[in-house]
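Structure record follows, encoded as structure tokens.
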Amino acid sequence: MRLKSIQKCQPGDKLARSIYTENGTILVGAGVELTQRMIDRLKTKNVNSLYIQDKRTDDIIVETVISENTRRQAMSMIHDTFRTVHQVPDKWQQLFSDKGLGRKLRDVMQIVADELNNSDSAINLLADACAFDNYIFTHSFNVALYSTALAINTGCSEKDVLEISIGGMLHDIGKVHIPDNILKKPGRLTQEEFEIMKRHTEIGFEMLRRQDDIPLLAAHCAFQHHERWDGTGYPRHLKKEEIHPFGRLMAVADVFDALTSHRVYRRGMLPHEAMEVLYSGSGKLFDQVYVEALRNTIALYPVGLTVTLNNGLSGVVVDSNKGMPSRPIVRILVDEDGRDIEHPYECDLSKMLTLMIIACGDLV
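So in UniProt numbering, the last one in the sequence shown is 364, and the numbering has no gaps at all.
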């Protein structure tokens, strides 16, 4: 299988991995042959890239850090929780307790944490395509996934990992009380609109801190995920160690997902591009500890991505190297003149240090 931009998909292409809806159900299953109508529909649903079957790379397997069933449960839990809070703004706390959503949330995120803890694979954020109308659902899931992995990889206790996991899932819960014309505005917010948007941190904190089933430190994830190392963040303009470690960790996970997510008004960055942005703010906007930890948590060059090397050869990433995320294993498929190689071979960039990736396939 190989990654392909939705813009370059054609009728007859067969999906190698399923596409999910924002509530975790399968929209289009693996093995389905795409039609033009399906491709056009997926574009409107913010799907940016797909894994497509390809006979030269059919043996390439994308390892996922959590199971399909767990992903489905987590996405469904996010969907139900945010919908409940949005639909009954005055009685959501009672309904939250009556439905046992807090306990269910803990149970689901414990499964996510356990599966991440038992996985040796880097997170491939392009492994599962998700069609969505509401960005907040997929963003909440992704931030929960990244923040949980960061907590594990920085040696947090089991209790802290779970609280960070819940905090990641609910960090943007305050946005359910931000007007849609601001929340979904495709262009730049005015200063007045931005001031309203910034309130979601305090709103979310006040909502969560009063909920018995939600840990107080998870509420602080909602409160502090927009604070910045140099004090330029909000809502309290905290600096450095004034920001709780959970808030510092959450800031890195939140920004990374925002940068790599496809939106109507801009394309999402590839992982290595987003990491460059985070590194430029390391020690200024972000705690360097968590930026470094994220680099070793995610696959900078996802499996299936087409890349070009500095010797002119190009191919597809087939695996990552733990501890050397910028130097994956590449299957060489095309020579310097753009011709298909008759006998493809694999090149481990961790062992061939004179070679480096200089370009990636366009996933816009």
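The beta-carbon is built from N, C-alpha and C at its ideal position, and this holds for glycine as well.
Please read all numbers here as calculations on a predicted model, not as lab measurements.
In the DSSP assignment, what are the bridge partners of residue i?
{"i": "Gly315", "result": "Val307 and Ile332"}
{"i": "Val28", "result": "Ile19"}
{"i": "Asn321", "result": "Met324"}
{"i": "Cys360", "result": "Val307"}
{"i": "Phe286", "result": "Ser282"}
{"i": "Lys14", "result": "Glu33"}
{"i": "Asp348", "result": "Ile329"}
{"i": "Cys130", "result": "Tyr20"}
{"i": "Ser49", "result": "Ser5"}
{"i": "Arg295", "result": "None; Arg295 has no bridge partner."}
{"i": "Asp340", "result": "Val334"}
{"i": "Ile123", "result": "Ile298"}
What separation, rounded to the nearest whole angstrom, lies between the Cα atoms of residue i and residue j?
{"i": "Gln36", "j": "Met1", "result": "20 Å"}
{"i": "His171", "j": "Asn142", "result": "11 Å"}
{"i": "Glu195", "j": "Pro215", "result": "27 Å"}
{"i": "Thr154", "j": "Arg210", "result": "29 Å"}
{"i": "Val112", "j": "Glu336", "result": "43 Å"}
{"i": "Met250", "j": "Ile26", "result": "28 Å"}
{"i": "Leu150", "j": "Ala274", "result": "16 Å"}
{"i": "Thr297", "j": "His262", "result": "21 Å"}
{"i": "Met38", "j": "Leu3", "result": "17 Å"}
{"i": "Val277", "j": "Pro245", "result": "21 Å"}
{"i": "Arg106", "j": "Ile164", "result": "11 Å"}
{"i": "Cys221", "j": "Arg248", "result": "9 Å"}
{"i": "Tyr290", "j": "Val161", "result": "14 Å"}
{"i": "Ser121", "j": "Glu241", "result": "31 Å"}
{"i": "His226", "j": "Leu355", "result": "38 Å"}
{"i": "Gly10", "j": "Ile52", "result": "Looking at the sequence provided, one finds Gln at residue 10 rather than Gly. Between Gln10 and Ile52, the C-alpha separation is close to 10 Å."}
{"i": "Val255", "j": "Pro235", "result": "16 Å"}
{"i": "Glu158", "j": "Gln87", "result": "33 Å"}
{"i": "Ser119", "j": "Lys8", "result": "33 Å"}
{"i": "Pro186", "j": "Asp54", "result": "35 Å"}
{"i": "Ile358", "j": "Glu342", "result": "23 Å"}
{"i": "His272", "j": "Val28", "result": "28 Å"}
{"i": "Lys104", "j": "Arg83", "result": "15 Å"}
{"i": "Met197", "j": "Ile243", "result": "21 Å"}
{"i": "residue 418", "j": "Cys156", "result": "Because the chain is modelled from 1 through 364, residue 418 falls outside the range shown and cannot be assessed."}
Cβ of residue i within 6 Å of any heavy atom in the ligand ADP?
{"i": "Thr21", "result": "Absence of the ligand ADP is noted for the structure shown, with no ligands found whatsoever."}
Is the beta carbon of residue i less than 7 Å from the beta carbon of residue j?
{"i": "Ala30", "j": "Leu50", "result": "no"}
{"i": "Ala131", "j": "Val62", "result": "no"}
{"i": "Cys360", "j": "Val307", "result": "yes"}
{"i": "Gly281", "j": "Asp213", "result": "no"}
{"i": "Ala129", "j": "Met169", "result": "no"}
{"i": "Ala299", "j": "Ser326", "result": "no"}
{"i": "Ile66", "j": "Glu115", "result": "yes"}
{"i": "Val252", "j": "Leu189", "result": "no"}
Near residue i, which residues of its chain fall below 7 Å by C-beta distance, leaving aside the five closest residues on each side in sequence?
{"i": "Asn23", "result": "Met75, Ser76 and His79"}
{"i": "Lys43", "result": "Ile6"}
{"i": "Asp257", "result": "His139, Asn142, Val143 and Tyr146"}
{"i": "Asn134", "result": "Glu22"}
{"i": "Thr70", "result": "Ile111, Val112 and Glu115"}
{"i": "Asp340", "result": "Leu333 and Val334"}
{"i": "Tyr279", "result": "Val291"}
Taking residue i as the reference, which of the options has the closest Cα?
{"i": "Ile19", "options": "Ser350, Arg41 and Gly167", "result": "Arg41"}
{"i": "Asn124", "options": "Asp340, His237, Val307 and Tyr301", "result": "Tyr301"}
{"i": "Met352", "options": "Asn310, Gly338 and Gly231", "result": "Asn310"}
{"i": "Glu202", "options": "Ala219, His139, Val330 and Asp58", "result": "Ala219"}
{"i": "Glu33", "options": "Gly12, Lys43, Ile52 and Thr44", "result": "Gly12"}
{"i": "Arg199", "options": "Gly233, Met169 and Leu313", "result": "Gly233"}
{"i": "Ile178", "options": "Ile166, Glu193 and Ser165", "result": "Glu193"}
{"i": "Gly304", "options": "Lys8, Asp58 and Tyr290", "result": "Asp58"}
{"i": "Gly323", "options": "Leu285, Gly168 and Glu292", "result": "Glu292"}
{"i": "Ile60", "options": "Val277, His244, Ala253 and Gly315", "result": "Gly315"}
{"i": "Lys239", "options": "Trp229, Gly247 and Arg248", "result": "Trp229"}
{"i": "Cys349", "options": "Leu313, Glu342 and Asp340", "result": "According to the sequence as given, residue 349 is Leu; it is not Cys. Cα-wise, what sits closest to Leu349 is Leu313."}
{"i": "Thr81", "options": "Ser119, Val28, Ile166 and Asn69", "result": "Ile166"}
Note down, in chain order, each residue of its chain lying with its Cβ closer than 6 Å to the Cβ of residue i, except the 5 sequence neighbours on either side.
{"i": "Ala127", "result": "Val62 and Thr64"}
{"i": "Phe223", "result": "Thr201 and Phe205"}
{"i": "Asn117", "result": "Ile152"}
{"i": "Met269", "result": "Leu259 and Thr260"}
{"i": "Gly231", "result": "His237 and Lys239"}
{"i": "Phe137", "result": "Glu22, Ile78 and His79"}
{"i": "Leu285", "result": "Arg228 and Trp229"}
{"i": "Lys17", "result": "For the record, residue 17 in the displayed sequence is Arg; it is not Lys. Result list for Arg17: Ala30 and Tyr51, in chain order."}
{"i": "Gln288", "result": "Ser282"}
If you drop the 5 nearest sequence neighbours on each side, which residues of the same chain put their C-beta closer than 8 Å to that of residue i?
{"i": "Asp346", "result": "Per the sequence shown, the amino acid found at residue 346 is Glu instead of Asp. Taken in chain order, the residues that qualify are Val318, Ile329, Val330, Arg331 and Ile332."}
{"i": "Pro344", "result": "Arg56, Gly315, Arg331, Ile332 and Leu333"}
{"i": "Gln73", "result": "Gly24, Val108 and Ile111"}
{"i": "Gly283", "result": "Trp229"}
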